[in-house]
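Notes follow once the structure below has been shown.
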Amino acid sequence: MFPQLETFKNKLNHLRLSTAKIANILHSSALEEVEQEREVEFQVEEVREVQKALHYEAHEFPGLHPAISGFVSTGRLCGNVGYEHVFDAVSRTSIGERFEIVGTESCLFVSVEFMKTRAPNSTAHC
């Protein structure tokens, strides 16, 4: 074969391979776009499925415990009634149990009422 034809043939093969790669890239890109649209559609459907909020009966707040009002006046916590360590309180919640929260010797306290947000044995209603 002629050397000039051989060079021309090689250039044509190179162009053909380059064009095929570009076509594959464009095809892959189009497929990815379709897949992304499907994912967005699914997410939109999830958002549309709104659940009604549950309402519970509120716990009645009896007022500030005398130990806490005494602390406000004097700056001292007397006894160990009316308040507890925050980590002891959190350890009894579902999150505290899941992450195995344990009490510490910190100086961070919460009132006993702090953990009572809904009335005991109240049932949820919409």
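Numbering (the numbering used here), first residue to last: 1488 to 1613. A virtual CB, placed ideally from N, CA and C, is assigned to each residue, including glycine.
Count Cβ pairs between the region 1595-1603 and the region 1563-1577 that sit closer than 8 Å; are there 3 or more? For the pair of segments examined, the region 1595-1603 was found to touch the region 1563-1577: the number of CB pairs separated by less than 8 Å reaches three.
Pairing CB atoms from the region 1561-1572 with CB atoms from the region 1585-1599, are three or more of them under 8 Å? The region 1561-1572 is in contact with the region 1585-1599.
Assuming Glu1571 is part of the beta strand (DSSP E), what are its boundary residues? Element bounds for Glu1571: Tyr1570 to His1572.
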